[in-house]
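The structure appears right after this line, and notes come after that.
Protein chains: 2
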Amino acid sequence: MNAPLPPQAMRKPLPPIVVEKLKALFGERFSTSDAVRDHHGRDESPYPPLPPDAVVFARTTEEVADLVRLAVDHRVPVIPYGVGTSLEGHLLALEGGISVDLSQMNAVLAVNAEDLTVTVQAGVTRKQLNNEIKASGLFFPIDPGADATLGGMAATRASGTNAVRYGTMRENVLGLTFVTGEGRIVRSARRARKSSAGYDLTRLLVGSEGTLGIITEVTLKLYPQPEAISAATCSFPTVEAAVRTTIETIQMGVPIARCELLDALTVKAVNARNKLGLPELPMLLFEFHGSPAGVAEQVAAVQAIAREHGAAAFQWANQPEERSRLWEARHNAYFACLQLKPGSRSFTTDVCVPISRLAECITETIRDTSTSPLPAPILGHVGDGNFHCAILADPGRPEEIEEAERLNRRIVARALAMDGTCTGEHGVGMHKMDFLRDEHGDDALELMARIKRSFDPQNILNPGKIVRV
Amino acid sequence: MNAPLPPQAMRKPLPPIVVEKLKALFGERFSTSDAVRDHHGRDESPYPPLPPDAVVFARTTEEVADLVRLAVDHRVPVIPYGVGTSLEGHLLALEGGISVDLSQMNAVLAVNAEDLTVTVQAGVTRKQLNNEIKASGLFFPIDPGADATLGGMAATRASGTNAVRYGTMRENVLGLTFVTGEGRIVRSARRARKSSAGYDLTRLLVGSEGTLGIITEVTLKLYPQPEAISAATCSFPTVEAAVRTTIETIQMGVPIARCELLDALTVKAVNARNKLGLPELPMLLFEFHGSPAGVAEQVAAVQAIAREHGAAAFQWANQPEERSRLWEARHNAYFACLQLKPGSRSFTTDVCVPISRLAECITETIRDTSTSPLPAPILGHVGDGNFHCAILADPGRPEEIEEAERLNRRIVARALAMDGTCTGEHGVGMHKMDFLRDEHGDDALELMARIKRSFDPQNILNPGKIVRV
C-alpha cells in the first residue's frame, strides 16, 4: 500500500442539497446506510474499507449523466461500482462522495450474431452474458476468474486465462458509451469491426478505471463456441522447463487457448487442501479449442514439446467433467494458497514481462520470496508473460504488510528492469500510482494528467486513482 | 474534397532564423528545392500538392525532438512523412512548415524472436521488415497493399487484406516512441504483451496521423510463418451470396487469413487488362494459413459453404506460383480499374459496416453508382465489413470531382446509417474531417480537440488534419 490513505479530515460530508436532489433522482435507490456504504467502499484488496458518503443504484445512462452533472455543480466525487472485485483499492472513497452502483444496469441490449458482437449494459457480468447468449453458438472468452461486470472489466483492462488466444479487454471492446466528468454522454465508436476515424476514445476508456468517464454500455466481440475443447496438464522439473515449453508452443503457432503455470508451492497448497496427489513440481495446465482434428493436432504438438523439456505426469481430457477435474488445481489455487497461512490475506502482485524473461523473472522471485517469512505461491498466465505472486500476510500486522509491500516493490522493480509492466491486468487503482511513474516516466504521466483534465476538468471521477492532478 | 484548400495567404514563409538553424541541425539533409518540396506535399489522393516550405531528413529520435522544439519556438508546422502512400490529403502542408522525412530512419532495431516482437525505426517499410526477419521464422502480417512505412501504418491505423485474422495496426502495435508537440520524447509502453498500467497512450497514437506526436520507433507483434498456405477463388451469382458465404465462414470459426471481394465491374476491368477470362460476376478470394491438415480442413469447410450459396468456378492452389496466379485479379485490380476511364484518378471511399449490413450496403452502393457517369468498381476486405469504391474521375474536371464527392458523401451517409464508420483503414486526413463529426458527434469531437491540445498545445503537429482546434 505505497499510497498512504489520506486523512479523514480531507473528507467533507455531502451538502444537504445534494442529498435532497439524490433522493429526488433515485428515490429508493439512494442509500446512506452504513452497511451499504461499507460494502461499496472496499474491493478485494487487503485495504481497509473507505466508504463513500452515499450510494445510488443507477438504471440508465441518463441517470448517470444526471448524477454527474449534480456532482459537478457541487464538486462531489463519483465512483462507479460494478460488483467490487477489483484488487488495487480502485473503489475506495478517498475523498468521500457518491458510489454509483451499476449492477442494476444488467440488460443484454443486442446480440448481433452475424456480426459476432453483443452490446450490454455495464452491470452485466461475464457469466450472465455467456448464459444469455449460449443458444447463439457464440461466447465471450475473457475470464479474469471473478464473475466481474463487463463495465468493470473494460474499466480495468482485464484479461485472465484465455488472453493468450483471444486477447484482453483492449482487443475485445469494440466501443462503449460513457459519461464524461462534465456529464456528457459519449459513444466512443460505431459497431464496425475496424475504423480509422479519429483518436481511439474506446481504447482510452478501456483501462481508465472510472477516472475518465463512467462506462454505462459496452459493445464486445464474440467468438464461435469451439467445436472441440481439450485440456491437458503436466509437471516439469523446473519453472524454466515449463516456460520454455510455452515459448516453443507459441513460436510454433499452436493456437493454445489457455496456458497456466502453478509453481511448486501452489501445487503443494492445492494438494494439501484438495488431496489431488499431484507431483509437487511446477505444473502447466493447457486448454485447446478448435475442430476435433485441429485440437488433436495441437495436443500432439504440445506433448512433443513438453516431453523434450522433461515433462511428466501428462494427462489430458476431452469431456467437460474430466476437463474440470484436470483444471481443479487451478480453480482451487487461490483459496488453497490462503490456507498456507490461516488468517492471512493475499497481497497479489501482477507484473508482466516479455516471455523471454519470464522464467528468469519467476525464478528470481521465488529465490527472493523463499527467504521471507511470508509464503508467496505463484500462479502465472504464462502465455502472456504475466504472473501473480500471492504474498500471504496478516492485514492486522503492520510488519507483515510492510514485508509484503517490500517483496512487491522488488518484484515490480525486477519486472520493469526486464522491460515489463507493473500490472498485466489488475490495473493501477491507488496502490500502483508510484510504480506508474517508474514505468512510464514524468513526460508520459504529464500527458496522462492532461488527458484526465480533458475528460474530467473538476477531478470528480474516482479522484486519487491512476494519476494525480 | 469536402475540406476546401485554405488560401495561400495563410501561409507565412519560414523565418530566416529557422532556415539557418535547420541548416545547422541537418546540414545536407535540409532541402528547399522545388522538386523535394513538391514530392513531400502530396500523397496518393487526387489532391493537388501543397508543398511544405522545407524538408528535413531525420536520422534519430533526438533530431526529431530538436526539430520540434525549434518549430515550437517559432510556431512553425511540422508534418511527418514516410513514403507518401496515404490517401486522404494527410501530407499536404496546409499552413506550410517543415516536412520531416523519416525514410532514413530505417533500421530494424531489435528482433525478439522468443517474444514474437520486433522494434523498428518508423521509416522501415513492411516489405523491408519481412525481408529482414525472414530467417527468424516469423512475419509481420499487416498488408495495406502499398509498401508503406511502419510508422505511417501506425499513424493511420492501417490494416488491409490480412486483418480478418491478424487484426489491424491497433492490435499489432505493442508500443511506440514519439515526440510530442512540445518536443518531449515519450515511450508509450514497455514490451510486455499486455498491461493495465494507466491510459493507453499507444492506442491513442495509433491512428493519430501525426497530429499528436511524431512516431519515431514502433514495437510490433510478429507471428510464426504458417506451415502451410492455401489460396482459393470462386464466383457468386450475387454480392449477397458472396457476403453470406463470408459471414457463415466466420461464424463457423474458420480462421481465414484473407477474404477479399471483387464486384462484377472490377472483375470485368481485370479481364480487360489481364485477359484472365474470369466469369464477370462477384468473386471472393481466400487465403488460409495453418498446418497442412488444418488448411485442408478450412478449404473443405469454405467450399461447402460457398457451394450452398451458388459458388462456381472454384479454384484452389497451394504452391506460391499458383497462389499468385489465383490472386492476380486482386493484385492488379487497382490499375485495371483505372483503365476503365483513361486519364482518371481514383477517389477511393473506405467505409466499414457491421458485416450483417455489408451485402445491403454494397448492393445499394452499386445501384447508386450505376446511374452515375463515373465508373465505380468495388473491392472489399469483406471479412471486416470494409470496402473501397474506386470512383474514377478526371481531376481536371470540377464537375467530375463534384460527382465523385457526391457519391462518396452518399456512401458515407449510408454506412453511418448502418452503424458503420466513414473510414475503415485510410484515416481522416483533411478529407473526412466533416464526416468525423457526423460519425462521432460534437461531444466526442470536443474531447478529441482537448486531447490534441494536451499533446500539441501550439498546434504545430500536422495542423488542419483530423480535428480543428
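Taken in order, these protein sequences are the chains called A and B.
For the first sequence, position 99 (counting from the first letter as 1) is numbered 275 according to the numbering used here, and the numbering increases by one without interruption.
For the second sequence, position 263 (counting from the first letter as 1) is numbered 439 according to the numbering used here, and the numbering increases by one without interruption.
Built from N, CA and C at the ideal position, the CB exists for glycine as well.
A quick note: this is a predicted structure, and the numbers were derived from the prediction, not measured.
Candidates the options, of which the one nearest residue i by Cα
i                 : options                                : result
Lys303 of chain B : B:Pro320, B:Glu290, B:Ile636           : B:Pro320
Glu536 of chain B : B:Val212, B:Val419, B:Val284, B:Gly357 : B:Val419
Glu622 of chain B : A:Ile361, A:Ser275, A:Arg341, A:Glu504 : A:Ile361
Arg585 of chain B : B:Cys565, B:Lys628, B:Gly383, B:Phe631 : B:Cys565
Val232 of chain A : A:Gln427, A:Pro225, A:Pro253, A:Gly561 : A:Pro253
Ala289 of chain A : A:Thr395, A:Arg626, A:Leu190           : A:Thr395
Ser335 of chain B : B:Gly561, B:Asn494, B:Asn307           : B:Gly561
Pro224 of chain B : B:Phe523, B:Gly429, B:Val284           : B:Phe523
Leu398 of chain A : A:Ala286, A:Ser279, A:Asp323           : A:Ala286
Gly273 of chain B : B:Arg187, B:His465, B:Ile426           : B:Arg187
Ala368 of chain B : B:Glu308, B:Gly351, B:Val382           : B:Gly351
Val558 of chain A : A:Arg235, A:Arg533, A:Lys310           : A:Arg533
Arg366 of chain B : A:Leu612, A:Ile627, A:Ile636           : A:Leu612
Phe206 of chain A : A:Gly265, A:Gln427, A:Ser275, A:Gly217 : A:Ser275
Pro192 of chain A : A:Glu497, A:His250, A:Asp214           : A:His250
Pro227 of chain B : B:Thr442, B:His215, B:Thr344, B:Gly343 : B:His215
Thr525 of chain B : B:Pro553, B:Leu305, B:Ala512, B:Ala433 : B:Pro553
Leu457 of chain B : B:Val294, B:His602, B:Ser411, B:Arg543 : B:Ser411
Short Cβ contact (8 Å threshold) for residue i with residue j
i                 : j                 : result
Asn282 of chain B : Ile318 of chain B : no
Met609 of chain A : Ile587 of chain A : no
Pro413 of chain B : Gly486 of chain B : yes
Ala469 of chain B : Glu473 of chain A : yes
Ala440 of chain B : Ile391 of chain B : no
Val527 of chain A : Ala591 of chain A : yes
Leu648 of chain A : Leu502 of chain A : Within the shown structure, residues of chain A are numbered from 177 to 645, placing residue 648 of chain A beyond reach of any answer.
Val248 of chain B : Glu358 of chain B : yes
Thr325 of chain A : Leu381 of chain A : no
Pro229 of chain A : Thr261 of chain A : For the sequence presented, residue 229 of chain A should be read as Asp rather than Pro. No, they are not a contact pair.
Ala339 of chain B : Lys370 of chain A : yes
Ala509 of chain B : Leu583 of chain B : no
Glu581 of chain B : Leu550 of chain B : no
Pro455 of chain B : Gly429 of chain A : no
Rounded C-alpha distance that separates residue i from residue j
i                 : j                 : result
Leu263 of chain A : Asp219 of chain A : 6 Å
Thr409 of chain A : Lys444 of chain A : 16 Å
Lys197 of chain B : Ala593 of chain B : 51 Å
Ala482 of chain A : Thr421 of chain A : 5 Å
Leu292 of chain A : Glu579 of chain A : 47 Å
Glu436 of chain B : Ser221 of chain B : 23 Å
Thr356 of chain A : Pro189 of chain B : 41 Å
Arg379 of chain A : Pro256 of chain A : 18 Å
Asn638 of chain B : Tyr375 of chain A : 14 Å
Glu204 of chain B : Gly328 of chain A : 54 Å
Lys517 of chain B : Ala493 of chain B : 33 Å
Pro574 of chain A : Ile538 of chain A : 26 Å
Thr337 of chain A : Leu314 of chain A : 18 Å
Glu615 of chain B : Ala488 of chain A : 56 Å
Gly383 of chain A : Ala417 of chain B : 40 Å
Gly389 of chain B : Phe631 of chain B : 7 Å
Val259 of chain A : Val296 of chain A : 16 Å
Val212 of chain B : His266 of chain A : 53 Å
Expected contact under 8 Å - CB spacing of residue i and residue j to nearest Å
i                 : j                 : result
Leu461 of chain B : Arg506 of chain B : 5 Å
Ser406 of chain A : Phe464 of chain A : 5 Å
Thr353 of chain B : Lys628 of chain B : Not really, about 20 Å apart at Cβ, beyond 8 Å.
Thr344 of chain B : Ala373 of chain A : Contact flag wrong, Cβ pair sits at about 13 Å.
Which of the residues in the stretch 418 to 429 of chain B, read from start to end, lie with their CB under 8 Å from any CB of chain A?
If the cut-off is 8 Å between Cβ atoms, the stretch 418 to 429 of chain B has Ile423, Ile426, Gln427, Met428, Gly429 near chain A.
ask   = Any residues in the stretch 466 to 480 of chain A with a beta carbon nearer than 7 Å to a beta carbon of chain B? Which ones, in chain order?
value = Legend: CB atoms of the stretch 466 to 480 of chain A lying less than 7 Å from CB atoms of chain B belong to residues Ser467, Ala469, Gly470, Glu473.
Exercise. When Cβ atoms are compared, which residues of the stretch 594 to 620 of chain A fall closer than 8 Å to chain B?
Worked result: Going along the stretch 594 to 620 of chain A in chain order, one finds Asp595, Gly596, Thr597, Cys598, Thr599, Gly600, Glu601, His602, Gly603, Val604, Lys608, Phe611, Leu612, Glu615, His616, Gly617, Asp619, Ala620 with a Cβ nearer than 8 Å to chain B.
(Q) Can you pull out the residues from the stretch 331 to 354 of chain B whose beta carbon lies closer than 8 Å to at least one beta carbon of chain A? (A) Here the close residues are Thr332, Arg333, Ala334, Ser335, Ala339, Gly343, Thr344, Arg346, Glu347.
In chain order, what residues of the stretch 281 to 312 of chain B put their CB closer than 8 Å to some CB of chain A?
The residues in question are Asn288, Ala289, Glu290, Asp291, Leu292, Thr293.
request  = Would you list, in chain order, the members of the stretch 620 to 639 of chain A that have their beta-carbon closer than 7 Å to a beta-carbon of chain B?
outcome  = Per Cβ criterion, the list reads Ala620, Leu623, Met624, Arg626, Ile627, Ser630, Phe631.
- In the stretch 398 to 412 of chain A, which residues sit with their C-beta less than 9 Å from some C-beta in chain B, listed in chain order? Listed by position, the residues of the stretch 398 to 412 of chain A near chain B (Cβ gap below 9 Å) are Tyr399, Pro400, Gln401, Pro402, Glu403.
Using a Cβ-Cβ cut-off of less than 8 Å, list which residues of the stretch 551 to 567 of chain A approach chain B; keep chain order. So the close ones are Asp560, Gly561, Asn562.
_Please list, in chain order, the residues of the stretch 575 to 593 of chain B that have any C-beta partner in chain A closer than 7 Å._
Hits within the stretch: zero.
Q.
Any C-beta of chain B within less than 7 Å: which residues of the stretch 367 to 380 of chain A qualify?
A. Flagged, chain order: Arg367, Ala368, Arg369, Lys370, Ser371, Ser372, Ala373, Gly374, Tyr375, Asp376, Leu377, Arg379, Leu380.
Q: Give the residues from the stretch 528 to 547 of chain A that approach chain B closer than 7 Å (Cβ to any Cβ), ordered along the chain.
A: Going along the stretch 528 to 547 of chain A in chain order, one finds Cys528, Val529, Pro530, Ile531, Ser532 with a Cβ nearer than 7 Å to chain B.
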